[in-house]
Every structure is written in structure tokens, then in C-alpha cells.
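A short worksheet on the structure shown next.
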Amino acid sequence: MPTTTTIDGHEIHVDDEGFMTDYPEWSEPLGKALAAQIGIDLTDEHWKAIRFLRTDFVDQGETATIRRISTVGGIPTKELFKLFPQKPAKKMAYIAGLPKPQGCV
Amino acid sequence: MTTEMTTTETTPIAPSFGEVNPDRKLAIICSKGSLDMAYPGLILANAALGEGVETHLFFTFWGFDMINKKTMGKLKFTMLGNTATHMPQGLGGLPGMTAMATSKLKKSIAELGVPEVPDFLQQIVDSGGHLWACRLSADMQHLGADELYDAVEGIISAAEFIEKTEGAQLLFI
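Protein chains in written order, with my numbering: chain A, 1 to 105; chain B, 1 to 173.
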């Protein structure tokens with residue numbers, strides 16, 4: 001069943017885990033609020049990754065994996081693990097308002 | 001917007017990323033040196049690291065080819081003895097067949113954006129994974145640390161690997 005939740009005054013559609021399900025509902029201020037939900041304060045480096053994910057999703061129709069963000073987006077894997085510790089791919093997808101990445105690599 | 005079919009949560013729903021289980025570890029023993037059998041361990045290691053799981057790979061026997069600088073970029077795939085190719089086994093023995101099967105497999109892997117073995121190992125290391133070489137295999141093949149992939153952390157005995165991975169879930173490939 002579709003669910004909506006309110007994050008920092010933004011009412012958004014999400015799945016059971018809280019990942020956004022409606023691409024156009026996202027905005028950069030919302031991204032900032034989503035990041036705050038999981039304890040991340042977004043810097044310019046974080047934004048570079050998030051903006052790549054947003055653009056790449058439109059081109060590819062799916063959420064980029066770590067591999068793709070590093071090879072195509074040009075942000076090294078090590079850096080991604082520093083910016084979004086432990087579970088970088090999922091954290092980035094969450095902040096960017098995208099589904100969890102489906103690709104294995 | 002709220003419709004009849006939509007439930008609205010008043011408290012924000014957010015995934016729980018913070019609760020990584022610090023006790024969860026994964027140990028992967030890579031014992032095969034063929035291209036097709038190199039990938040399962042690499043893919044699973046990569047997936048585990050992406051989930052914040054401490055991951056250790058132990059390269060032993062033929063798996064040593066995955067970290068030997070001379071062979072790691074040249075692993076092969078053969079139809080011989082592999083009924084899963086669903087081709088007559090006799091074909092596999094013809095000259096050039098292994099080279100052809102290898103290049104075909106490499107192409108399909110590349111098309112999926114999956115890196116070649118050396119690049120994949122680098123990605124695993126960059127993601128915080130640990131690579132270990134088996135002492136016995138190194139001795140058997142007369143190989144030292146210089147001949148192995150630079151990111152290999154050490155040449156260790158099986159017992160040392162078991163010590164390092166205490167409490168880990170283990171995969172033998």
C-alpha cells in the first residue's frame with residue numbers, strides 16, 4: 001500500500017523502508033532533510049554524488065551502483081565509503097530520493 | 001497528497017542504516033583459478049562490503065591465480081568439463097575454443113559494467129575489504145609478496161586466517 005510520510009514539512013510517498021517512490025517529489029532542501037534523518041550533514045562532496053545519482057537515474061532508469069558512481073561519476077570508491085559510511089549505495093539512494101540500487105556490482 | 005488507498009505516517013519513516021551489526025563478518029575462501037569461478041567470491045565480497053560487513057578473502061590453491069600479478073588479468077574460462085555450457089563436450093577440446101569461450105565471457109561481464117579481476121580486487125580493497133594469500137600455496141608455487149597483487153595484506157597460514165575470521169560466516173568457493 002502506498003504510504004506517505006512527512007519529513008521536515010515535506011509530504012512524500014515512500015516504500016515500507018522509507019525510500020521515496022516518486023522521483024519528482026524530491027528537491028535539494030528535501031535531500032538535506034533526508035540526509036539529516038540518517039545523521040549526514042551534506043557537504044559539496046556529498047552533493048556531487050547525490051546530483052550524479054539524480055541525473056544518472058533519468059538517463060538509465062535505475063539507481064547507479066557504487067561501481068557506476070566511481071567509474072562514470074568520477075568519485076572514488078574510498079571517498080564514497082568516507083562520505084556515506086557503512087552502506088554508501090543505500091544511503092546515497094535514500095538521500096537522492098531514489099529506489100535502492102538493484103545492480104549486483 | 002493523500003488518497004483513500006494511502007496511509008499517512010505522522011512520524012517520519014527512515015531506513016535504519018545505523019544499526020550495522022559489528023559482530024557480522026564474512027570470510028571467503030577463493031580456491032579456483034578459472035575466470036567463471038573467480039567472480040562469485042568477488043561479487044559476494046563486494047555486496048557484503050556495501051552492506052557494511054567486514055570481509056576477508058583468502059586465496060588458496062588455484063585461487064592464487066587471482067592474486068598472482070602474472071595471471072590475475074589472464075584467467076580463462078573453458079567449456080571442458082562444464083556441462084552447464086550445454087554444448088557438446090568434444091567441442092571444448094578443439095584448438096582455440098578456450099580462448100573463444102574466455103573472450104565471450106569477458107565480453108558479457110564487461111557489458112554488465114562488472115570490472116575485470118584486478119580492477120575488481122581494487123574496488124574490494126577500496127571498499128575496506130581484506131585480501132590474504134595462503135602460505136602453503138605461496139610456498140608450492142615459489143611466490144613471494146612481490147609477485148602478488150600489491151593490496152594483499154599478507155601471506156598467512158590457514159590457521160592464521162581462521163583466527164582472523166573468528167565468528168565469521170564462511171564461504172568456500
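A virtual CB, placed ideally from N, CA and C, is assigned to each residue, including glycine.
For residue i, decide whether its Cβ has a neighbour in chain B, counting only Cβ atoms nearer than 9 Å.
i, result
"alanine 49(A)", "no"
"proline 69(A)", "Correcting the residue type first, residue 69(A) is isoleucine in the shown sequence and not proline. No, because no Cβ of chain B sits closer than 9 Å to the Cβ of isoleucine 69(A)."
"tyrosine 94(A)", "yes"
"glutamate 45(A)", "no"
"glycine 61(A)", "no"
"isoleucine 75(A)", "no"
"threonine 3(A)", "yes"
"glycine 31(A)", "no"
"glycine 97(A)", "no"
"threonine 55(A)", "no"
"phenylalanine 19(A)", "yes"
"phenylalanine 81(A)", "yes"
Given that a residue counts as buried once 16 or more other Cβ atoms are within 10 Å of its Cβ, and exposed if not, what is residue i?
i, result
"serine 103(B)", "exposed"
"glycine 73(B)", "exposed"
"methionine 1(B)", "A caution first: methionine 1(B) carries a pLDDT of 46, below 50, which makes its placement in the model unreliable, though a value can still be read off. Answer is exposed; the Cβ neighbour count stays below 16."
"valine 58(A)", "exposed"
"threonine 55(A)", "exposed"
"serine 34(B)", "buried"
"threonine 3(B)", "Model confidence at threonine 3(B) stands at a pLDDT of 48, short of 50, so the residue's coordinates are unreliable; what they give is reported in the following sentence. Exposed, since its Cβ has fewer than 16 Cβ neighbours within 10 Å."
"proline 88(A)", "buried"
"glycine 61(A)", "exposed"
"leucine 80(A)", "buried"
"proline 88(B)", "exposed"
Are the Cβ atoms of residue i and residue j separated by less than 9 Å?
i, j, result
"glycine 129(B)", "alanine 45(B)", "yes"
"threonine 60(B)", "cysteine 30(B)", "yes"
"threonine 63(A)", "proline 99(A)", "yes"
"leucine 75(B)", "valine 117(B)", "yes"
"asparagine 21(B)", "glutamate 147(B)", "no"
"threonine 71(A)", "glycine 113(B)", "yes"
"isoleucine 155(B)", "glycine 144(B)", "yes"
"cysteine 134(B)", "glycine 90(B)", "no"
"alanine 110(B)", "phenylalanine 77(B)", "no"
"threonine 5(A)", "isoleucine 13(B)", "yes"
Looking only at C-alpha atoms, which of the options sits nearest to residue i?
i, options, result
"glutamine 169(B)", "Ile43(B), Ser31(B) and Ala48(B)", "Ala48(B)"
"isoleucine 50(A)", "Thr3(A), Gln102(A), Gly31(A) and Met20(A)", "Gly31(A)"
"lysine 32(B)", "Gly144(B), Leu42(B) and Met87(B)", "Leu42(B)"
"isoleucine 7(A)", "Ala35(A), Asp16(A) and Thr63(A)", "Ala35(A)"
"aspartate 65(B)", "Glu163(B), Ile162(B), Tyr149(B) and Gly154(B)", "Tyr149(B)"
"threonine 98(B)", "Leu112(B), Ala110(B), Gly113(B) and Asn82(B)", "Asn82(B)"
"leucine 80(B)", "Ala159(B), Pro22(B), Asp36(B) and Ala145(B)", "Asp36(B)"
"aspartate 23(B)", "Ala14(B), Gly52(B), Lys107(B) and Val152(B)", "Gly52(B)"
"isoleucine 162(B)", "Pro15(B), Lys25(B) and Asn21(B)", "Lys25(B)"
"glutamate 17(A)", "Gly103(A), Lys91(A) and Cys104(A)", "Lys91(A)"
"glutamate 28(A)", "Gln102(A), Gly103(A), Cys104(A) and Ile95(A)", "Ile95(A)"
"alanine 159(B)", "Gln141(B), Glu153(B), Leu136(B) and Phe172(B)", "Leu136(B)"
"isoleucine 66(A)", "Phe120(B), Gln141(B) and Glu111(B)", "Phe120(B)"
"tryptophan 132(B)", "Ala27(B), Ile13(B), Phe58(B) and Pro40(B)", "Phe58(B)"
"glutamine 122(B)", "Gly97(A), Lys78(A) and Pro85(A)", "Lys78(A)"
"phenylalanine 17(B)", "Gln60(A), Gly103(A), Gly39(A) and Ile12(A)", "Gly39(A)"
"glutamine 141(B)", "Lys70(B), Pro15(B), Pro40(B) and Tyr39(B)", "Lys70(B)"
Residue i CB to nearest chain A CB: under 9 Å?
i, result
"phenylalanine 17(B)", "yes"
"methionine 1(B)", "Here methionine 1(B) scores only 46 on pLDDT, less than 50, and its place in the model should not be relied on; the value that follows carries that caveat. True, the Cβ-Cβ gap to chain A drops below 9 Å."
"aspartate 126(B)", "yes"
"proline 118(B)", "no"
"glycine 93(B)", "no"
"alanine 84(B)", "no"
"isoleucine 43(B)", "yes"
"glycine 113(B)", "yes"
"asparagine 68(B)", "no"
"alanine 47(B)", "yes"
"isoleucine 28(B)", "no"
"isoleucine 178(B)", "An answer regarding residue 178(B) cannot be provided, because it is not within the stretch 1 to 173 covered by chain B."
"alanine 153(B)", "Sequence inspection shows glutamate at residue 153(B); the alanine mentioned does not correspond to that position. So, not an interface residue."
"alanine 168(B)", "no"
"glutamine 89(B)", "no"
Quick check on residue i - is its C-beta less than 9 Å from some C-beta in chain D?
i, result
"leucine 34(A)", "Protein chains A and B are contained in the structure displayed, whereas chain D is not."
Legend entry - beta strand (DSSP E) segments (min. 3 residues) lying fully within the segment 4-48 of chain A: If one requires a minimum length of 3 residues, the beta strand (DSSP E) runs lying completely within the segment 4-48 of chain A are 10-14, in chain order.
Legend entry - Whole runs of the beta strand (DSSP E) within the segment 8-80 of chain B, excluding any shorter than 3 residues: 25-30 and 54-59
Inset, instruction - Identify every run of the beta strand (DSSP E) within the segment 97-138 of chain B, keeping only runs that are complete inside it and at least 3 residues long; order them along the chain. - result: Fully enclosed beta strand (DSSP E) runs of 3 or longer: 130-134.
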